[in-house]
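**Q** By our numbering, the letter at position 82 of the sequence shown is numbered 84, and the numbering carries on one by one without gaps.
The C-beta atom is built at its ideal place from N, Cα and C for all residues, glycine as well.
No experiment lies behind these values; they were computed from the predicted model shown.
This is the structure I have questions about; it appears just below.
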Amino acid sequence: MFATEQSLEPGDQRIVILDKPLPKCDRPKPEKIEPGFRYHRLRKVIHFVCVIIFFILPLSSLMRFDIPKQRFYFFGYELWISEFSIVFFSMMFLMFVVAAMAMFYGRVYCGYLCPQMIFSEASLTLESKLQRTVNKYVRWDAKKRNLLSKSLFYLISGLGATVLAFVFIAYFVEPHDLLHRLMTLDIKTTGGFAGAVTTLLVLLDFLFLRQRFCTTVCPYGYLQGMLGDGNTLIVHYRDENRECIECKKCVRVCHMGIDIRTSPYQIECIHCGECIDACVDVLGRLGKQGLIHYVWGEEGEKLGTGEKTWYQKLGLRDAKRVVVLLIILIYGAALFTALSMRRAVLVEISPMRTTLYRQDESGTVYNRFRLQVANRSSKQQTLVLAIDGLPGTNFVAFENAVVVDGGQSLEREFEIAAPPSAPLTPGVNHFRLVSRVGNERDSVEETFITPFKDSR
Ligand code: SF4
Ligand code: SF4
C-alpha cells in the first residue's frame, strides 16, 4: 500500500510517494582525482636507456679503461696512463656529481640509474613472469611446475650473467680480445680468469643477492643519509585526514620490502616512487588522492607544487646548493678545458750533455739532442722540426719528417751542426726548436754550446 507524505502517521512504514521534488543535496562534490604521474613507467624508460648506454659505451670504445694497453678511452679521447691525473680528476668529478645528486634529489641514482638495481629488478621480474607462465600453460603438479620454472630461470640467468659480465669486462679489456677468450673458454690467463669470476659473481648476484646488496654492501645508501638535509627530495607518507585504508599495496610493491608509512628516512628506501603509484592506484578508485609523495624535505611541499621559483622547483633551495652547483660548473669547465688543451702528439726534446759539443777537423761544432714522441691519438701523425734563432745551422743525419703511428711512442737522436761560417757567439747560444704536427705548433727553448774560446 502506498501513502502520500501528508497521510503519514509517526511510525507508519508504508512506502511514501512524494508529490514534490527532493531538495538539492548541498554536500560538496568529490575532489577531481588526477591520474598521477606514473613513476613506474618513467623508471622503466630510464632503465631501458641506461641498459642501452651500458652496452654501447664499451662495445663502441666510447669509454674503456683498457688495462692491457694502459689507456683510457673517453668519447674519442685516448688518455695514456701517464695522463692519469686527468682520468683521476674525471672520476673524482663523477663521484662529486653523484654525491651532489644525493644532496639535491636523495637516492634517485639508486632508484633510477644504478645498474645493480636495474638488473636486480629485471631478475625478480623474470623469475615471477616465468613462474606465472609455467603455472598458466603447463599442466603438471605444483612441484614439477616449480622445478621447471626454477630451471628455466637459472638457465636464462646464466646466459644473462655471461652477457653482462662480458659487457662489464669490456670496460677494461678490448671486446675482440675478450670474445676470443670467451670462445676458447680461457680461464688460464688473467683476463679469462677475471671474466669467469665476474660471470659467477653476476650470476650469484642475480640469483641470491639482488637488492640485499644495497642494504648490506653498498656504501652509497649510508653516505646519502649523511648528505641529505631538510631540503632534500624524499618519498613521504602524509595522512592528516586519516584516509589510509590499510590495503598495504604500497608495502607489497616495494622491492626493498619496507613500509614507507613508518618513516621517510629508512636506509633501505631508494626513493623509487613505486609506492606512490601504488597508493594513487588504490585510493584513486575510491575518488581520493594518494597519500605518498615526493616532497622537498619532511616539512616541505610536494614535488612540482607550491609557489616557488623555477630554480627552487629544480632543487636549488638554499645557499649551500648554489655553492655546490657553482663548484660543479667550475670543476666541469676546468676539466673540459684541460681535455681540449691536451695535445694528441706529445713531443719532448732534451739535450744530451754527456759531452757538451764535438768539433770536427773542419771546425764544425755539433750538439746532440734526444727526441721523444708519443702519438696519443689513433691516427698516424708526422712531426717536423725547425731551428729558430740559430742562423747558419742545420740538422745532421736526421730525417726531418718523423712518422708516428697511432698509439706509438718512439725515440730518436739527432745533431745540430754549426759550420765555422755560422754567426754564433762562443759559449752558450740560446735558440728555439719548433715542432709542428698537422696544424699544431709548439716550441721549446734550448741551448747550443760552442767552444768557449773561439777556436774556429
Ligand atoms: S597504498 Fe595507500 S592506502 Fe594502501 S596502505 Fe599504502 S598508504 Fe595506505
Ligand atoms: S618505500 Fe617506496 S620509494 Fe622507498 S624503496 Fe619502497 S617503493 Fe621505493
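1. Roughly how many angstroms lie between the CA atoms of G429 and F450, to the nearest whole one?
2. Which same chain residues, not among the five before or five after M228, have their C-beta less than 7 Å away from its C-beta?
3. Whole angstroms are fine: how far does the CA of I418 sit from the CA of R459?
4. Does the structure place the segment 189-209 close enough to the segment 240-253 that three or more beta carbon pairs sit under 8 Å?
5. What is the rounded straight-line gap between the Cα of L225 and the Cα of E309?
6. Quick one: what does DSSP say I294 is sitting in, helix, strand or coil?
7. Can you list, in chain order, the residues of its chain whose CB lies under 8 Å from that of T452, leaving out five sequence neighbours each side?
8. Would you say the beta carbon of V284 comes nearer than 6 Å to a heavy atom of ligand 1?
9. Just how far apart, CA to CA, sit T127 and I262?
10. Check whether the segment 347-359 touches the segment 45-63, taking contact to mean three or more Cβ pairs, one atom from each stretch, closer than 8 Å.
11. Identify, in the order they occur along the chain, each residue of the same chain with its Cβ nearer than 7 Å to the Cβ of V403, setting aside the five sequence neighbours on each side.
12. Given the structure, does M258 come close to ligand 2, in the sense that its CB is under 6 Å from one of the ligand's heavy atoms?
13. Counting along the chain, where does the alpha helix (DSSP H) carrying Y267 start and finish?
14. Under a three-way DSSP split, which group does T395 fall into?
15. Counting Cβ pairs closer than 8 Å, one from the segment 273-288 and one from the segment 109-120, do we hit at least three?
16. Rounded to whole angstroms, what's the CA-CA distance from G391 to K455? Just pull it up for me.
17. State yes or no: is the C-beta of S159 within less than 7 Å of the C-beta of F208?
18. On the CB-based measure, 16 or more other CB atoms within 10 Å of its CB, does I54 come out buried or exposed?
19. Could you have a look at L235 and say whether DSSP puts it in helix, strand or coil?
20. Suppose you measure from the CA of E413 to the CA of E442; what does that come to, to the nearest Å?
21. In the segment 128-195, which residue ranges form an unbroken alpha helix (DSSP H) of at least 4 residues, counting only runs that do not cross its ends?
22. State the Cα-Cα distance for the pair R134 and K146, rounded to the nearest angstrom.
23. Please confirm whether S122 and R212 have their CB atoms less than 7 Å apart.
24. Are the CB atoms of G232 and G299 nearer to each other than 7 Å?
25. Do you know how far the Cα of T339 is from the Cα of E33?
26. Do you know offhand how far R141's Cα is from S130's?
27. Confirm the yes/no value for this check: CB of A101, any heavy atom of ligand 1, distance under 6 Å.
28. Just to confirm, are S380 and G408 a CB contact at a threshold of 7 Å?
29. At what residues does the beta strand (DSSP E) containing F433 begin and finish?
30. Just to confirm the assignment, what range does the alpha helix (DSSP H) spanning Y107 have?
31. What are the uninterrupted segments assigned as beta strand (DSSP E) that are 3 or more residues long and contained completely in the segment 341-372, given in chain order?
**A** By the coordinates alone:
1. One C-alpha to the other measures close to 8 Å.
2. Within the same chain, no residue comes within 7 Å of M228 by CB-CB distance, once the 5 residues on both sides are set aside.
3. Because the chain spans 3 through 458 in this model, residue 459 falls outside it and cannot be assessed.
4. Result no; under three Cβ-Cβ pairs closer than 8 Å.
5. Taking the straight line from one Cα to the other gives about 31 Å.
6. In this structure, I294 counts as strand in the three-state DSSP scheme.
7. Result list for T452: Y359, V367, A420, L426, T427, P428, G429, N431, R458, in chain order.
8. True, at least one ligand heavy atom lies under 6 Å from that Cβ.
9. Roughly 22 Å separates the two Cα atoms.
10. At 8 Å Cβ cutoff, the stretches do not touch.
11. For the record, residue 403 in the displayed sequence is Ala; it is not Val. Here the set comprises T384, V386.
12. For ligand 2, at least one heavy atom lies less than 6 Å from the Cβ of M258.
13. In this chain, Y267 is not harboured by any alpha helix (DSSP H), its DSSP state being neither H nor E.
14. Assigned with DSSP and collapsed to three states, T395 falls in coil, not helix or strand.
15. Per the Cβ contact rule, the segment 273-288 is in contact with the segment 109-120 (3 or more Cβ pairs under 8 Å).
16. In this model, G391 and K455 are separated by some 21 Å (Cα to Cα).
17. For S159 and F208, yes; Cβs fall inside 7 Å.
18. Exposed is the label assigned to I54, since fewer than 16 other Cβ atoms lie within 10 Å of its Cβ.
19. Here L235 sits in strand by DSSP.
20. When rounded, the distance between both Cα atoms is 20 Å.
21. Listed in chain order, they are 144-171, 177-185.
22. For R134 and K146, the distance between alpha carbons rounds to 14 Å.
23. Against a cut-off of 7 Å, the Cβ pair of R212 and S122 comes out as a contact.
24. Yes, these two residues count as a Cβ contact at 7 Å.
25. With a pLDDT of only 47 at E33, under 50, the local geometry of the prediction cannot be trusted, and the value read off the model is given with reservation. One C-alpha to the other measures close to 55 Å.
26. For R141 and S130, the distance between alpha carbons rounds to 18 Å.
27. No, Cβ of A101 sits at least 6 Å from all heavy atoms of ligand 1.
28. Cβ atoms of S380 and G408: closer than 7 Å.
29. Per DSSP, F433 belongs to the beta strand (DSSP E) from 430-439.
30. Boundaries of the alpha helix (DSSP H) harbouring Y107: 86-107, taken from the DSSP string.
31. Listed in chain order, they are 347-353.
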